[in-house]
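Student:
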Amino acid sequence: MEKLREVGRPVVRVDAYDKVTGRAKFTDDLCPKPCLEAKIYHATIGNGRVVSIDTSEAEKEPGIVAVFTCFDVPDICYPVAGHPWYADSAAAKRDQADRKLLDDRVRIYGDNIAVVVGEDTVACDRALKKIHVEYEEYPVVYDALESMKGTNPPVQDRKPDNIVAHSLARTSEEDLARAGYKTVEEALEDPKYHHVKIHAESREQSQVHIETCVSYCYMEGGKIVCVSSTQIPHVVRRVIGQALGIPWGDVRVIKPYIGGGFGTKQDVHYEPLNAWICKQIGGRCVKLELSREELFWDTSGRQPKTFDIECSYDDEMNLHARKIVAYSNTGGYIHHGHALVLNSVNSFRWLYHTQEVATHSEAYTIHTNGPHTGAMRAYGVPEGNWAAECLMGDIAYDNGWDGVEFRLKNVYTDKFVDEFTPGGIIAAHTCGIPECVKKGKEYIEWDKKKAEYANETGPIRHGVGVSFFVYKTAVAPFALETATAAVTLNQDGSIQLQMGATEIGQGADTVFSQMAAEAIGVDTEDVHIVSFQDTDVTPYDSGAYASRQTYVSGTAVKKAGETLRRKILDYAHYLHPSAQGELCLRDHKIFDVVGNVVCTLPELALEAYYNLGAANQLHAHETINVHTNSIAGGCTFADVTVDMPLGKVTVNKIINVQDSGRLINPKLVEQQIHGGMAQGIGYGLFEELQVDPKTARVLNPTLLDYKIPTTMDLPDLKADFVEKPDPTGPYGNKAVGETPAISPAAAIRDAILDATGCKFYVEPMTPQRLFEGFKKEGLI
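Count along the sequence shown from 1, then add 877; that gives the number in my numbering.
Dropping the structure here:
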């Protein structure tokens, strides 16, 4: 692998010192105080309609400025998912508009039906208690399969059967005929092969980012200015305009530092309502911040899903045919809708598709009265990985096969191209899975531990497990991928970099600075990046999601950097026409072809700004469209102790090994892997948003009752990687931001199976589920 100068350096994060010293300013830090506060009145039923609202007592509460209800707001529906918009020529790809600022139709418990605005939160809280609502109640349905049968009325009028979408991908009749079959089912049922069926489930997980969802709005220069903790500032601008029915240019959105998002903040939550309130009260500054409880039940967590899976395989460890049918509960609103479960079934197919001759991937997304759901780290893939690895783990265990060898026999290779993707865009241009597995096996001592743990008896046992994973990079060809970057040569020879892509804690600003430095030929320390996004001045980018920014936005950075480099060298030629041959830039100097110093970069920069005859401020502003995609992959190995009477699993050792192409900054990748592993362990063992099926009310909307792993629950998290530069990435890089969260849960499940022989199909594997499973198998 060619060594690059700045790309690959483990430089310190560009925002590190400001964040650890407290100088970094987040949304609430910037909000002018005092300001008005807004609080939402949430519905106390799970399905129905608001008949009337009495706000008279609330309006009399001291300190209350205004009370607005669902009968006061514009009758405009708008979309909230953080996706690009589309021109009229591709209007069918636009997100569905199914939200209103406030709505008299209650579809979920806690729906937004009124808002109070006051001088402080105390006044608002008192006023909320004095609002009286009369409802017309309808039956609540939370079970997705039950909801598919239809309800009266439907959850959303445009979907009378409550089915948001249905998709099907099956091996073609021609390919089946070449294998000697007429249908996928015939291949599955072929008596020459073993046949297995399983049912798996994944429950709703919440993002639990440190900073809550918060925004404040004010009017300035005839515009609504919205300062928000968001991953998608340019999308927020557009949605505010749509929701209020005003030109998008009349809205300005500013994104400061952000205290985590993990997908929640890839939705537009309350910014449109906050902007509308601001207009109604004459442009005064209004802050709207959700409580921790509201975050749990009124923002979008991971979709709960169920999977019905069939498989046939032979005695030589070859998968022959697989079928998966998935049902996804999107709740009362569509948000990201069908894209999530599509990722689940697609990744199920991609991961182990080398040997099989037939495949069937089918998915349904269904409206219920459950909490609305949406994007969360890895966007549906952890759920599909759980389904795939439950199947692979069971087959290996039942046949006495080595789980690693069985998986390696069937995992994708660098020849893989998804036949169901238009143009074959989804493909593995490189594959480092075997090398990843080698590192993981050595760290976990796979062969040694397998032998050591093989014959354990008693209530406490040990096991090792493995899970592979796959993930695409960005969203092409399914959605638009475009980004813009702007770079400017400053007077002192340093570089100013401006991006629409967002830093949300993952280190994006640092890697963009490194990529710009590499392209221009300067040091990363010479690059100054503007971390805040301001839609009035920031170049367009759709935002932080889908592990896209280093791949897509990074391509724009590289292009802009190379353009600026050419302009610098051309200007040097202009200033020094006697310079010999082709010029180059390194070490803050410009050299001619024989190695003579033509001038320093700071000297050239001063000339560019202040030359009396030929001042030429050098900058580059480049937009790109990306139409490629590339598969990243890797594996997780886990070593666990299982205390069966307590239903307790202790993770002793765990390693996640990534094939993410060339690493722009290895230390940041390690950071990403550690965080993703922690979330994956939580998803496997602890985290579940519990919903009462009778009322659709969330039962555990606090950090006291919703458990996430703390440092006391986690072992040392080991991260490693295999670098195989990808030909489609700007510097050979591909996805890494979300991939570490995919496979830990399934690896722990596999280790529990190894330790106890007990199979679990519902994640998370909570103590209650573990205890019941061990008891059912007669182990306790």
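In this text, a Cβ means the ideal position worked out from N, Cα and C, and glycines have one as well.
Can the beta-carbon of serine 1238 be found less than 9 Å from the beta-carbon of arginine 1254?
Tutor: Locating residue 1238 in the sequence shown gives position 361, counting from the first residue. Locating residue 1254 in the sequence shown gives position 377, counting from the first residue. Serine 1238 is not a Cβ neighbour of arginine 1254, given a cutoff of 9 Å.
Student: Do the CB positions of lysine 1653 and aspartate 1271 come within less than 9 Å of each other?
Tutor: By 1-based counting over the sequence shown, the position of residue 1653 is 776. By 1-based counting over the sequence shown, the position of residue 1271 is 394. Contact: no.
Student: Just verifying my parser: in three-state terms, what is the DSSP assignment at tyrosine 1583?
Tutor: As a first step, residue 1583 is located in the sequence shown; it is residue number 706 there, counting from the start. DSSP places tyrosine 1583 in coil when its eight states are reduced to three.
Student: Should serine 1049 go down as buried or exposed, given a rule of 16 or more other Cβ atoms within 10 Å for buried?
Tutor: The residue labelled residue 1049 in the question sits at position 172 within the sequence shown. When all chains shown are included, serine 1049 counts as exposed.
Student: Does the separation of the CB atoms of tyrosine 1274 and glycine 1655 fall below 9 Å?
Tutor: Here residue 1274 refers to the residue found at position 397 of the sequence shown. Here residue 1655 refers to the residue found at position 778 of the sequence shown. No, they are not a contact pair.
Student: Jot down the residue ranges of each uninterrupted alpha helix (DSSP H) in the region 1144-1185, minimum 4 residues, whole runs only, in chain order.
Tutor: Runs of the alpha helix (DSSP H) inside the region 1144-1185: 1148-1157, 1169-1175.
Student: In angstroms with no decimal places, state the Cα-to-Cα distance between alanine 1449 and valine 1471.
Tutor: The residue you call residue 1449 lines up with position 572 of the sequence shown. The residue you call residue 1471 lines up with position 594 of the sequence shown. Roughly 16 Å separates the two Cα atoms.
Student: Taking buried to mean at least 16 other C-beta atoms within 10 Å of its own C-beta, is isoleucine 1087 buried or exposed?
Tutor: Residue 1087 sits at position 210 when you count from the first residue of the sequence shown. With a threshold of 16 other beta carbon atoms within 10 Å, isoleucine 1087 falls short and is exposed.
Student: Taking its Cβ as the centre, do 16 or more other Cβ atoms sit within 10 Å of isoleucine 917, making it buried, or is it exposed?
Tutor: Locating residue 917 in the sequence shown gives position 40, where the first residue counts as 1. Per the 10 Å Cβ criterion, buried.
Student: Shortest alpha-carbon distance to leucine 1452 belongs to which of Val1475, Cys1512, Val1639, Gly1178?
Tutor: Your numbering for residue 1452 matches position 575 in the sequence shown. Ranked by Cα distance from leucine 1452, the options Val1475, Cys1512, Val1639, Gly1178 are led by Val1475.
Student: Should lysine 1292 go down as buried or exposed, given a rule of 16 or more other Cβ atoms within 10 Å for buried?
Tutor: Position 415 of the sequence shown, counted from the start, is the residue given in the question as residue 1292. So lysine 1292 counts as exposed.
Student: With the cut-off set at 9 Å, would you say leucine 1624 and cysteine 1512 are in Cβ contact?
Tutor: For the purposes of this step, residue 1624 is taken as residue 747 along the sequence shown, with counting starting at 1. For the purposes of this step, residue 1512 is taken as residue 635 along the sequence shown, with counting starting at 1. A small correction: the amino acid at residue 1624 is alanine; leucine does not occupy that position in the sequence shown. Taking 9 Å as the Cβ cut-off, alanine 1624 and cysteine 1512 qualify as a contacting pair.
Student: Leaving out five residues before and five after threonine 998 in sequence, what residues of the same chain have Cβ atoms less than 8 Å from its Cβ?
Tutor: Taking the sequence shown and counting its residues from 1, one reaches residue 998 at position 121. Cβ within range, chain order: Glu914, Lys916.
Student: Can serine 1424 and methionine 1376 be called in contact, C-beta distance under 9 Å?
Tutor: Indexing the sequence shown from 1 puts residue 1424 at position 547. Indexing the sequence shown from 1 puts residue 1376 at position 499. Cβ distance not < 9 Å, so serine 1424 and methionine 1376 don't count as in contact.
Student: Could you round the C-beta distance between glutamine 1157 and phenylalanine 945 to whole angstroms and report it? I think they count as a contact, below 8 Å.
Tutor: Residue numbering aside, residue 1157 sits at position 280 when the sequence shown is read from its first letter. Residue numbering aside, residue 945 sits at position 68 when the sequence shown is read from its first letter. With 8 Å as the limit, glutamine 1157 and phenylalanine 945 qualify as a contact, their Cβ atoms being about 7 Å apart.
Student: By the 10 Å Cβ neighbour count, where 16 or more other Cβ atoms means buried, how is lysine 1164 classified, buried or exposed?
Tutor: The residue you call residue 1164 lines up with position 287 of the sequence shown. Its Cβ being crowded by 16 or more others within 10 Å, lysine 1164 is buried.
Student: Comparing C-alpha positions only, which one of Tyr955, Glu1170, Gln1108 sits nearest to glycine 1118?
Tutor: Residue numbering aside, residue 1118 sits at position 241 when the sequence shown is read from its first letter. Selected option, being the one with the closest Cα: Tyr955.
Student: Which residues does DSSP pair with glycine 1377 in a beta bridge?
Tutor: Taking the first residue of the sequence shown as position 1, residue 1377 is located at position 500. Answer is none; glycine 1377 lacks a bridge partner.
Student: Ignore the nearest five residues each way along the sequence and tell me which others in lysine 1286's own chain have a CB closer than 6 Å to its CB.
Tutor: Indexing the sequence shown from 1 puts residue 1286 at position 409. Met1194.
Student: If you scan the region 1447-1492 from start to end, which runs of the beta strand (DSSP E) of 3 or more residues do you find wholly inside it?
Tutor: 1461-1463, 1466-1468, 1474-1477
Student: Do the CB positions of aspartate 1175 and histidine 919 come within less than 9 Å of each other?
Tutor: Stepping through the sequence shown from its first residue, residue 1175 is reached at position 298. Stepping through the sequence shown from its first residue, residue 919 is reached at position 42. Contact flag set, yes.
Student: For glutamate 1333, which residues from the same chain have a beta carbon less than 8 Å from its beta carbon, with the 5 sequence-adjacent residues on both sides left out?
Tutor: Looking up residue 1333 in the sequence shown gives position 456. Result list for glutamate 1333: His1339, Ala1632, in chain order.
Student: Pick out the complete alpha helix (DSSP H) segments inside the region 1289-1334, 4 residues or longer, and give them in chain order.
Tutor: 1310-1321, 1323-1330
Student: What are the start and end residues of each continuous alpha helix (DSSP H) run of 4 or more residues lying completely inside the region 902-960, in chain order?
Tutor: 904-907, 933-937
Student: Hey, would you say the C-beta of lysine 1200 is under 8 Å away from at least one heavy atom of the ligand FAD?
Tutor: Of the ligands one can find in the structure shown there are none, so the ligand FAD has no counterpart to examine.
Student: Given a threshold of 16 other Cβ atoms within 10 Å of its Cβ, counted over all protein chains shown, does glutamine 1383 qualify as buried or as exposed?
Tutor: Position 506 of the sequence shown, counting from 1, holds the residue named residue 1383. By the 10 Å Cβ count, glutamine 1383 comes out buried.
Student: How big is the Cα-Cα spacing for proline 887 and valine 1534?
Tutor: Mapped onto the sequence shown, residue 887 falls at position 10. Mapped onto the sequence shown, residue 1534 falls at position 657. Their Cα atoms are separated by approximately 18 Å.
Student: Taking all protein chains shown into account, decide if arginine 1199 is buried (16 or more other Cβ within 10 angstroms of its Cβ) or exposed.
Tutor: Sequence index remark: in the sequence shown, residue 1199 carries index 322 (1-based). So arginine 1199 counts as buried.
Student: Relative to the alpha-carbon of threonine 1643, which residue among Thr1605, Glu1615, Tyr1583, Val994 has its alpha-carbon at the smallest distance?
Tutor: For the purposes of this step, residue 1643 is taken as residue 766 along the sequence shown, with counting starting at 1. Closest by alpha carbon: Tyr1583.
Student: With distances taken Cα to Cα, identify the nearest neighbour of lysine 880 among Lys1444, Leu1005, Glu1329, Pro1602.
Tutor: The residue you call residue 880 lines up with position 3 of the sequence shown. Residue Pro1602 is the option with its Cα nearest to lysine 880.
Student: Once you ignore the five residues that flank valine 1347 on each side, which residues in its own chain have a CB closer than 7 Å to its CB?
Tutor: As a first step, residue 1347 must be located in the sequence shown, where it is residue number 470. Cβ neighbours of valine 1347 beyond the five flanking positions: Ser1224, Trp1227, Leu1228, Tyr1289, Ile1508, Gly1510.
Student: If you reduce the DSSP assignment to three classes, tell me which class histidine 1009 lands in.
Tutor: Counting from 1 along the sequence shown, the entry for residue 1009 is found at position 132. Strand, per DSSP.
Student: For isoleucine 1310, collect the residues of the same chain with a Cβ closer than 6 Å to its Cβ; drop the 5 residues on either side in sequence, then sort them by chain order.
Tutor: Here residue 1310 is taken as the residue at index 433 of the sequence shown, counted from 1. So the qualifying residues of the chain are Val1288, Gly1510.
Student: Lysine 1544 by DSSP, collapsed to three states: which one?
Tutor: Here residue 1544 refers to the residue found at position 667 when the sequence shown is read from its first residue. Of the three classes helix, strand and coil, the one that applies to lysine 1544 here is helix, per DSSP.
Student: Determine the extent of the beta strand (DSSP E) in which lysine 880 is found, giving its start and end residues.
Tutor: The residue labelled residue 880 in the question sits at position 3 within the sequence shown. Counting along the chain, lysine 880 falls outside any beta strand (DSSP E), and DSSP gives it neither H nor E.
Student: State the DSSP-derived secondary structure class of valine 1112, mapped to helix, strand or coil.
Tutor: On the sequence shown, residue 1112 is found 235 positions in, with the first residue counted as 1. The answer is helix: DSSP assigns valine 1112 an H, G or I state.
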